[in-house]
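Participant: This is the structure I want to talk about, given as structure tokens.
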Amino acid sequence: MTRRRRALLVAASASYAVGVWWMTLRPAPYDPEIGGVVAAILEAAASWRPTSWITFDVVESASNVVLFVPLGMLVVLWGGRWWQGVLIGLAVSGVIETAQLLFLPTRVADVRDLVANTGGAAIGAIVTAAGLHRNRLRQFTANT
Numbered sequence: 004m005t006r007r008r009r010a011l012l013v014a015a016s017a018s019y020a021v022g023v024w025w026m027t028l029r030p031a032p033y034d035p036e037i038g039g040v041v042a043a044i045l046e047a048a049a050s051w052r053p054t055s056w057i058t059f060d061v062v063e064s065a066s067n068v069v070l071f072v073p074l075g076m077l078v079v080l081w082g083g084r085w086w087q088g089v090l091i092g093l094a095v096s097g098v099i100e101t102a103q104l105l106f107l108p109t110r111v112a113d114v115r116d117l118v119a120n121t122g123g124a125a126i127g128a129i130v131t132a133a134g135l136h137r138n139r140l141r142q143f144t145a146n147t
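Shown next, in the form of structure tokens:
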């Protein structure tokens, strides 16, 4: 691994870790101002039949998936296998949900979050591993 790639991965990993901490381990889950915007968007979605299925639970679950996609990607980019990205996603999510349960009474620990987070890590890891594999095959065929 080149020094530049390592530096980029360190910066990306550190930024991601801070972002995940900020989103998951603060006592207050939502900034009231942002919560008001989200509530207005959800209310507008609920009032229109084609988007009435978009509820807070749907948005929260999708957000949990999206939040963990980069974790799976980073594990693979650091040299891990796709399944290690899934296991690390499960472990990190388990630690977060346990911390919310034990130490953050204003937060709600939920098994659905664990599943969504792990699914996000799996998506990131599998897509990244497939992309790296495809690039290796291209390089191999270009060199033969």
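Residue numbers (the working numbering): 4 to 147.
Just so it is clear, CB atoms sit at the ideal spot from N, CA and C, and this is done for glycine as well.
#1: Could you tell me the distance, in whole angstroms, from the CA atom of Ala-47 to the CA atom of Ser-64?
#2: Less than 8 Å separating the beta-carbons of Gly-88 and Ala-119?
#3: With DSSP as the reference, label Leu-12 as helix, strand or coil.
#4: Would a C-beta distance cut-off of 8 Å place Thr-101 and Pro-30 closer than the cut-off?
#5: Between the segment 62-77 and the segment 125-144, are three or more C-beta pairs nearer than 8 Å?
#6: Which residue wins for smallest C-alpha separation from Leu-12, given the options Val-62, Val-61, Asn-146, Val-78?
#7: If you reduce the DSSP assignment to three classes, tell me which class Arg-29 lands in.
#8: Report yes if the C-beta distance between Leu-117 and Ser-96 is below 8 Å; otherwise report no.
#9: Taking Cβ to Cβ, would you say Ala-94 is nearer than 8 Å to Gln-103?
#10: May I have the straight-line CA-CA distance separating Ser-16 from His-136, to the nearest angstrom?
#11: Should Ile-27 be labelled buried (16 or more other beta-carbon atoms within 10 Å of its own) or exposed?
#12: Have a look at Val-61 and Thr-54 and give me their C-alpha separation to the nearest angstrom.
#13: Are Thr-121 and Gly-92 close, meaning C-beta to C-beta below 8 Å?
Facilitator: Taking the geometry as given:
#1: 19 Å
#2: no
#3: helix
#4: no
#5: yes
#6: Val-78
#7: coil
#8: yes
#9: no
#10: 22 Å
#11: The sequence given here places Thr at residue 27; Ile does not occur at that position. Buried.
#12: 11 Å
#13: yes
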